[in-house]
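First comes the structure, then the notes that go with it.
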Amino acid sequence: MLQHSESDDHSPVHVIQFQDKNTEIESEALWDKEDAQQEYHIQINSDRILDIFQSIETQIHPFNCVYKTNQQMIVMYKQKLSTLKKLGYLICKSETKYCIILIKLENHNSLLIKSLKGDSELNDSMMKRIGNAIYQFSDKNQHLSHIDEIIHEDSRFNPFHLDSLSVAMIYKYLQDKIEIPEQITMKQIYNLIEKEHDNIKKEPLLIKQQQVSQFHIFTIERFIFNKIFDQMMNYYIEKYQERQNQVDLKKKQLKEKYSKEDLIKSLEIKNQYLPNSDIPYFEAINELKLINLYKTPTEMLKQFQYVLVLIRGVAFECNQKEEIIAMDDELPILIWIALISDVPNLYAKIQFVDDYIQEIENEKRILTNLRVSLDYISKEWKL
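Note that the numbering used here has the sequence shown beginning at 1235, numbered continuously upward.
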């Protein structure tokens, strides 16, 4: 039913199939940059990476693998938080929290284990178990009470976790040095950030030796977009207003004419990927709505990536953990999420991110699929 309208380079692939390294989803945008998430680096024999991944899968309960290729895997845990009441008043509402960990081959003999999102203590405990599984597989038989004693120095340093003094110093430097033209394109913004990044690296009082480049780039990006976000977003809203109006009108007509059940049936979402809930994939729908909270392309891309991970995680649970969902089955679910979420000016937000991100093309696949979803709603879905 659904045909991907992009070129072959951007067509969906079955995520369980093994791909070339150049087509990997790097997953860097998923990293929660301000939640003190951890990372580890472990020496391995990469000739048996698939066997290592299989060994990890047997020892990560209650986490589950929701994405796997021959270069990386993503594991996730759905944590339900209890409702807390005191003297009849609700002081902590019930909610679901997702813990996400990336295991990725860095080079021929090093494996990265990175906490992307969720409870840092829970993730850290699981990352140590993953480390144990790797070392047990390698016949080293070492119990790792503290993996960080074995890995490279500074490996637990989170380059995105800035203390207030560092932020203030970099912001003060930028305030005095940077000039933003009244008229500027996304490409020019990207080049400006790269230029200021090079300048900051030459200032020893602003940075520490162990801090890596992402630390500065993200800080500069946030500084600049906090100043020009409204101007830039208004430009994109105006540019894509006609397309957004077509989407909004068609969504309104579909919801008025058809029931929720009929809409799902029309999309041909497979039964094994339909959760038993009043609104299927409400977790991903709510996550997509949160895109309105962010002002930088990197943060917005991260939020779009969360939507994709939640789709895969929920589908994996629905299918009784027997197989990972294929991209062809994923697209109808993404259309459903785009239909129900009602995010204002979503088309403009997608293009806003797409025009800025330059170097992680494969991460932008979610943007392509979201555009395809909106185009399907406005142009191909028959009333």
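In this text, a Cβ means the ideal position worked out from N, Cα and C, and glycines have one as well. For clarity, every value in this text was computed on a predicted model and none was experimentally measured.
Would residue i count as contacting chain C if we go by Cβ distances under 8 Å?
i: L1356; result: As a matter of chain content, chain C is missing from the structure shown, which is built from one protein chain.
For residue i, write down the residues that DSSP places opposite it in a beta bridge.
i: M1307; result: K1302, I1337
i: S1349; result: I1335
i: S1612; result: Paired residue(s): none; S1612 is not in a bridge.
i: S1344; result: Q1277, N1341
i: K1504; result: The partner list for K1504 (beta bridge, DSSP) is empty, contrary to what the question assumes.
i: Q1313; result: K1331
Considering residue i, what are the terminal residues of the alpha helix (DSSP H) in which it resides?
i: S1354; result: 1354 to 1371
i: I1498; result: 1494 to 1501
i: T1419; result: Taken as a continuous stretch (DSSP letters only), T1419 belongs to no alpha helix (DSSP H), as it is neither H nor E.
i: T1532; result: 1531 to 1552
i: Q1480; result: 1475 to 1491
i: Y1590; result: 1580 to 1590
i: Q1288; result: 1283 to 1291
i: A1560; result: A1560 -> no alpha helix (DSSP H), and no H or E assigned at all.
i: F1516; result: 1516 to 1523
If you measure between the beta carbons of residue i and residue j, is that distance less than 8 Å?
i: I1414; j: K1461; result: yes
i: E1273; j: K1348; result: yes
i: N1343; j: I1278; result: yes
i: Y1492; j: C1552; result: no
i: A1560; j: V1541; result: no
i: L1345; j: I1334; result: no
i: S1612; j: V1481; result: yes
i: W1570; j: P1509; result: no
i: F1371; j: S1500; result: no
i: L1339; j: Q1293; result: no
i: N1298; j: F1463; result: no
i: L1284; j: I1308; result: no
i: M1360; j: Y1332; result: no
i: L1568; j: S1607; result: yes
i: L1524; j: E1597; result: no
What residue range is occupied by the uninterrupted beta strand (DSSP E) comprising residue i?
i: Q1277; result: 1273 to 1277
Can you tell which of the options has its C-alpha closest to the C-alpha of residue i?
i: N1603; options: K1484, Y1590, L1580, K1616; result: L1580
i: A1572; options: E1597, D1464, K1485, Y1492; result: K1485
i: F1538; options: E1614, I1286, E1428, R1605; result: R1605
i: I1600; options: S1493, S1612, T1419, L1544; result: L1544
i: T1419; options: E1340, I1276, Y1470, M1360; result: Y1470
i: F1516; options: Q1487, V1548, L1527; result: V1548
i: L1408; options: D1563, I1364, F1459; result: F1459
i: A1582; options: Q1478, Q1305, Q1288, P1566; result: Q1478
i: Y1610; options: I1404, L1488, F1463; result: L1488
i: L1522; options: D1464, I1584, F1550; result: I1584
i: Q1313; options: M1307, Q1305, H1295; result: H1295
i: E1564; options: K1536, L1617, L1524, N1505; result: N1505
i: E1437; options: E1416, Q1417, I1404; result: I1404
i: E1502; options: S1511, L1617, D1562, N1526; result: D1562
i: D1496; options: L1617, I1368, K1421; result: L1617
i: V1577; options: E1597, N1526, W1615; result: N1526
i: E1291; options: G1352, I1368, Q1475; result: I1368
i: D1281; options: V1300, Y1301, N1341; result: N1341
i: Q1592; options: I1364, K1406, D1358, K1421; result: K1421
i: I1434; options: K1411, E1416, Q1417; result: K1411
i: H1450; options: D1432, H1275, S1575, E1490; result: D1432
i: K1490; options: K1473, N1468, M1467, I1574; result: It is worth fixing the name first, because residue 1490 is Glu in this sequence and not Lys. Per the Cα distances, I1574.
i: V1300; options: Q1554, E1614, P1566; result: Q1554
Inset, instruction - Mind the definition here: the region 1516 to 1533 touches the region 1569 to 1589 only if three or more C-beta pairs lie below 8 Å; say whether that holds. - result: yes
Legend entry - At least 3 beta-carbon pairs within less than 8 Å: the region 1451 to 1466 vs the region 1427 to 1436: yes
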